[in-house]
Structure formats: structure tokens, C-alpha cells
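S.K.: Every position in the sequence shown, counted from 1, becomes a number in the working numbering once 5 is added.
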Amino acid sequence: MDKSHAQAQETRKRNAQARRERRERERVELEETINTLRQIRQNPKATPGEKLEAIRLLTELERKGYICI
Numbered sequence: 006m007d008k009s010h011a012q013a014q015e016t017r018k019r020n021a022q023a024r025r026e027r028r029e030r031e032r033v034e035l036e037e038t039i040n041t042l043r044q045i046r047q048n049p050k051a052t053p054g055e056k057l058e059a060i061r062l063l064t065e066l067e068r069k070g071y072i073c074i
């Protein structure tokens, strides 16, 4: 039982670390996405359709609770 308990603890630690790493990757990806959409929105060479789509996506992210506009 001690071996099983130790193995379970180690598994929980690995899983917690994997969750932390996944959350960090997702945070970085979201930040990059928001920055890219902002660049499109501010780019004078972007077409009106591209700007409109960038604004729509930024607004959608804002509605989901991300501060980005």
C-alpha cells in the first residue's frame, strides 16, 4: 500500500505539472493571438474585411472574459 500511495502521489505531481505547463502554453498562445489581431486592426495596409474580422474576433474574446480591446 505504501508503494501504491507513493506512486499515486507522484502521478498527481506529474499531472499537476502538466496542467501548469498546458495553461502557460495556452496563455502565451492567447496573448500572441490577441497581439496579432491588434496588429491587423492597426495596419493601414489591411483590407477593411481583414480589419473587420480582427475586430470581430477581439470583441468575441472580450465577451469570453479576456481583456483585449
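Even glycine gets a Cβ: it sits at the ideal position worked out from N, Cα and C.
Is it the case that the Cβ atoms of A59 and L35 are separated by a distance below 8 Å?
M.R.: Taking C-beta atoms as the reference points, A59 and L35 fail to come closer than 8 Å.
S.K.: State the DSSP-derived secondary structure class of A51, mapped to helix, strand or coil.
M.R.: coil
S.K.: Check whether the Cβ atoms of I39 and L57 lie closer than 8 Å to each other.
M.R.: no
S.K.: Quick one: residues in its chain with C-beta nearer than 6 Å to the C-beta of L62, no 5 flanking neighbours on either side, listed in chain order?
M.R.: L42
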